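Here the protein sequences come in this chain order: S and X.
Going by UniProt numbering, the first sequence wraps up at 322, each residue one higher than the last.
Going by UniProt numbering, the second sequence wraps up at 322, each residue one higher than the last.
Number of protein chains: 2
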Amino acid sequence: MKAKVLKLLREINGQYISGEKISSELSCSRTMVWKYIKALREDGYVIEAVSNKGYKLVSISNHLSDHEIRSRLGNDHLFKEISYHEEVESTQNIAQKLINQGAGSGTVVIANEQTSGRGRLGRDWFSPKDKGIWMSLILKPEITLREAPQLTLLAAVAVTRAISSVCSISSEIKWPNDILVDGKKVCGILTEMQADPDRIKSVIIGIGINVNQTDFPSSIANIATSLAKARGEQVERSELIIQILNEFQWLYEAYLAKGFSFIKPLWEVNAISIGKKIVATTAQGRLTGIAEGINDEGVLILRDDNGKVHHIYSGDITIPKD
Amino acid sequence: MKAKVLKLLREINGQYISGEKISSELSCSRTMVWKYIKALREDGYVIEAVSNKGYKLVSISNHLSDHEIRSRLGNDHLFKEISYHEEVESTQNIAQKLINQGAGSGTVVIANEQTSGRGRLGRDWFSPKDKGIWMSLILKPEITLREAPQLTLLAAVAVTRAISSVCSISSEIKWPNDILVDGKKVCGILTEMQADPDRIKSVIIGIGINVNQTDFPSSIANIATSLAKARGEQVERSELIIQILNEFQWLYEAYLAKGFSFIKPLWEVNAISIGKKIVATTAQGRLTGIAEGINDEGVLILRDDNGKVHHIYSGDITIPKD
Numbered sequence: 001m002k003a004k005v006l007k008l009l010r011e012i013n014g015q016y017i018s019g020e021k022i023s024s025e026l027s028c029s030r031t032m033v034w035k036y037i038k039a040l041r042e043d044g045y046v047i048e049a050v051s052n053k054g055y056k057l058v059s060i061s062n063h064l065s066d067h068e069i070r071s072r073l074g075n076d077h078l079f080k081e082i083s084y085h086e087e088v089e090s091t092q093n094i095a096q097k098l099i100n101q102g103a104g105s106g107t108v109v110i111a112n113e114q115t116s117g118r119g120r121l122g123r124d125w126f127s128p129k130d131k132g133i134w135m136s137l138i139l140k141p142e143i144t145l146r147e148a149p150q151l152t153l154l155a156a157v158a159v160t161r162a163i164s165s166v167c168s169i170s171s172e173i174k175w176p177n178d179i180l181v182d183g184k185k186v187c188g189i190l191t192e193m194q195a196d197p198d199r200i201k202s203v204i205i206g207i208g209i210n211v212n213q214t215d216f217p218s219s220i221a222n223i224a225t226s227l228a229k230a231r232g233e234q235v236e237r238s239e240l241i242i243q244i245l246n247e248f249q250w251l252y253e254a255y256l257a258k259g260f261s262f263i264k265p266l267w268e269v270n271a272i273s274i275g276k277k278i279v280a281t282t283a284q285g286r287l288t289g290i291a292e293g294i295n296d297e298g299v300l301i302l303r304d305d306n307g308k309v310h311h312i313y314s315g316d317i318t319i320p321k322d
Numbered sequence: 001m002k003a004k005v006l007k008l009l010r011e012i013n014g015q016y017i018s019g020e021k022i023s024s025e026l027s028c029s030r031t032m033v034w035k036y037i038k039a040l041r042e043d044g045y046v047i048e049a050v051s052n053k054g055y056k057l058v059s060i061s062n063h064l065s066d067h068e069i070r071s072r073l074g075n076d077h078l079f080k081e082i083s084y085h086e087e088v089e090s091t092q093n094i095a096q097k098l099i100n101q102g103a104g105s106g107t108v109v110i111a112n113e114q115t116s117g118r119g120r121l122g123r124d125w126f127s128p129k130d131k132g133i134w135m136s137l138i139l140k141p142e143i144t145l146r147e148a149p150q151l152t153l154l155a156a157v158a159v160t161r162a163i164s165s166v167c168s169i170s171s172e173i174k175w176p177n178d179i180l181v182d183g184k185k186v187c188g189i190l191t192e193m194q195a196d197p198d199r200i201k202s203v204i205i206g207i208g209i210n211v212n213q214t215d216f217p218s219s220i221a222n223i224a225t226s227l228a229k230a231r232g233e234q235v236e237r238s239e240l241i242i243q244i245l246n247e248f249q250w251l252y253e254a255y256l257a258k259g260f261s262f263i264k265p266l267w268e269v270n271a272i273s274i275g276k277k278i279v280a281t282t283a284q285g286r287l288t289g290i291a292e293g294i295n296d297e298g299v300l301i302l303r304d305d306n307g308k309v310h311h312i313y314s315g316d317i318t319i320p321k322d
C-alpha cells in the first residue's frame, strides 16, 4: 500500500493530491492514508501537507526500498516481483532460493548491502551499504544452453543505455561482462543458470553497479570507479534501477522475438575492445591478438599475430596500454 | 556398521568368518556383531551361522540399501557418499537439495521408488518400487558449459558397458541419452547442471534403468522393456549399480585427463544411430538425413538429403523403420 500511495504522489508530478482522492483511489480510510504518509516520511521521503490542497512529494528518499521500485514500474512490466532486502550475503543466493521455492520469471532481488557479493570466477564483489545497486534478475527464457551467455551481453547493453540516459555519461563494455567508465570498472554482470543440455530452466543475471561510492578499498582503487565519481554528483539509485529494468525489458522481448542478431549491433556500438589489441586468458592458455568482434552467437573472435582466428567462449581479457 | 559387517562377510567369499574375527576387525562386542547379523537377516540377507565356524553369507537381499552399496565400493572410490531413500519424488530433486546443502562431488542418490521421476524435456519417467535403478550422480568437474553434454554420452557408455558385463546382453545408445535393448528403451539419462558461462558448478546425472519389471503401463508397453525381460531372468540391482559406478569412475577420470576424444570411440562403438537414416526434431524444426556421427564436442552431425551438414546440439531423434 505504501507503494500505491507513493505511486499516486509521483503520478501527480509535483502537484498536490488530496487525502480524499488518495483514500477513494485506494479504497481506504483517510486515517490509513495519513498512516502511510507518515511511514513514507519515516523512510526519508519529504512530503508536504497543505490544508485544502493535500499532499505533495517534494523529494524522494535516498534509501532504496521495494515500494519505491514497485511504485515506478508499470503494471504489465516484465519484472513483476520485487524482493527487497536491507542486507544479504549475495542477491544471487537469494534468487536461487526463490527459484527453489517456485519464483517465476520476472522476479528481481535487490539489496542495499551484500556481505559476500560474488563476481565471475569465484571472485568477490565489494558491495557496501547504501552505495550501489546489487541486484539479481530471475528469468526463464526458452533458449538453449549455448545461447545463455548472450544474456550477459544483453544485460550489459541495458546497463550502458540506462547509465547514459540517467547519468548522462558514456560507459563502455569490456567483453563479456564488465562495464567501464574512464577505463575503470563501474559494473560487473554475473549470469548463472540451471539447465540441462536441451534447455535453460532458469537464469539469474546478477548486476552489481558502483553508484555513489567516493572511496574504494586500496586493493581495487586503481581499477574501480563509481558513477558518482565520474559524474561529479550523486546518482539516485532507484531511478537507475528502473531505467535498467525498462531497458532490459524491451531488449529482452526483442531478443526472444528476433534472436541475438538484434542485440549484436547494440552491443558492438558500446564495446571498448573491438578492433583493439587484446590479451585473452582462457582455460586453454593465453592468446594475444586483435579482437575482431563477436559472432552471431556472442562468441568473441580473436585473430592472433599469425593470422589464425580463435573463438573465445569464456575467459578474461585485458587491453594492454600502448 | 551394517555395511562393514556385510563387507567382511562378502570379502571372505563364500567361506565362514568367526564372530570373534568380526568383533576384533570392527572393534565391537560379540553381542553387537550378533545384532548386526540379525538386522541384516531382517533386511533379507540369508546368513548361515555354524558353531565353531562362524557366519557365511548365503544370498544377498534383493532389497536395495545403502549398506549393500557401500559395502561393495572401494575406500578410494570416486563415489564416496551414498544417499539412499526408500521413496522420493525424484532423485534429481534430492541431489539438488544436497548440493544446496554443500554436498561434494562423488555423491550418489539412490531410491527404491520415484513418485515423480523425470525424463528429458519435462517428461515423466515411470519408476516403480523394487523394480529399477533410479539414481543421480553429483559431480563438480572443471569443464565448460559447452562440454557438459559430453557427460551424458560418457554416462551412456558406462551404463552399456555395465549392462554387458552384469547381464551379458548387448545394449545400444540412441543419441543423446537413451539406451535400447531389442530396439526398446531400458535406460534414460538426464543431465542437469548449475553453471555460469565460464564454468560448470555442479552436474547431476540422473540414470533411470528398467531392471526387473515384467509389465509396463500400456502407454509405454510398446517402447519400453526391462533388462529382466530381455535376459529372461531377474537382475541383481545392487550389482548393476556397483558396476555402473565402477565403469563411470574410470571413464570419468580418463575424460578429465584426456578429454572427450577418449570417450568418443567408446560411445560410437555402442551407438545404434550412426550411419543410419534418422529424423531429428529440434527447436528449429524437423530434419531428415543420415547421422554421420558425433564430432569432437559430442554434437550429432546430420547430412540431409541435399547433402547439407547440420549440427544437432539437442533434440529428439527417431530411426524410421524401413
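Quick reminder that beta carbons are idealized off the backbone N, C-alpha and C, glycines included.
Quick caveat: nothing in here was measured; it's all calculated off a predicted structure.
Proximity of chain X to Asp-196/S at the Cβ level (cut-off 8 angstroms) is accounted for by Arg-120, Leu-190, Thr-191, Glu-192, Met-193, in chain order.
With a contact defined as Cβ atoms closer than 8 angstroms, Lys-2/S and His-63/S miss out at about 13 angstroms. The shortest C-alpha to C-alpha distance from Glu-86/S to any of Asn-100/S, Gly-106/S, Leu-145/S, Thr-115/S is the one to Thr-115/S.
Within a 10 Å sphere around the beta-carbon of Ala-221/X sit fewer than 16 other beta-carbons, which makes this residue exposed. Shown in chain order are the members of the stretch 129-149 of chain X whose Cβ falls below 7 angstroms from a Cβ of chain S: Thr-144, Leu-145, Arg-146, Ala-148, Pro-149. Within chain X, no residue has its CB atom less than 7 angstroms from the CB of Ala-162/S, the nearest being about 22 angstroms off.
CA-to-CA, the gap between Ser-273/S and Ser-171/S works out to about 13 angstroms. It is roughly 5 angstroms from the alpha-carbon of Ala-49/S to the alpha-carbon of Tyr-55/S.
For Leu-8/S, the CB contacts under 7 angstroms within the same chain, skipping 5 residues up- and downstream, are Ile-17, Ile-22, Glu-25 in chain order. In the DSSP assignment, Asn-210/X falls within the unbroken beta strand (DSSP E) covering 199-210. For Ser-314/S, the nearest beta carbon of chain X is closer than 8 angstroms to its own beta carbon.
By the CB criterion at 8 angstroms, Ile-278/S and Val-157/S fall outside the cutoff.
Put simply, of Glu-297/X, Ile-317/X, Glu-292/X the residue whose alpha carbon is nearest the alpha carbon of Gly-307/X is Glu-292/X. Looking at the backbone, the Cα of Asn-210/S and that of Ser-314/S are separated by about 24 angstroms. Taking a contact as a CB-CB distance under 8 angstroms, the pair Ile-138/S and Ala-95/S counts as one, their CB atoms being some 5 angstroms apart.
In the structure shown, Thr-288/X adopts extended strand secondary structure according to DSSP, grouped into three states. For Asp-124/X, the CB contacts under 8 angstroms within the same chain, skipping 5 residues up- and downstream, are Ser-116, Gly-117, Arg-118 in chain order. Counting the other CB atoms within 10 Å of its CB gives Val-58/X a total below 16, which places it among the exposed residues. Distance check between Gln-150/X and each of Ile-301/S, Pro-197/S, Met-32/S, Ala-228/S places Pro-197/S closest, using alpha-carbon atoms only. Residues of chain S whose Cβ lies closer than 8 angstroms to the Cβ of Thr-152/X are, in chain order, Pro-197. For Ala-230/X, not one C-beta of chain S is nearer than 8 angstroms to its own C-beta. Taking 8 angstroms as the upper bound for CB-CB distance, Thr-191/S and Thr-152/S are in contact here, some 5 angstroms apart. Beta-bridge partners of Ser-59/S (DSSP): Val-46/S. Per DSSP, Tyr-84/S is not a residue of any alpha helix (DSSP H); the beta strand (DSSP E) it occupies stretches across 81-85.
In terms of beta-carbon proximity, Ala-158/X stays away from the interface with chain S, with every pair separated by 8 angstroms or more. At a cut-off of 8 angstroms between beta-carbon atoms, Pro-320/S makes no contact with chain X.
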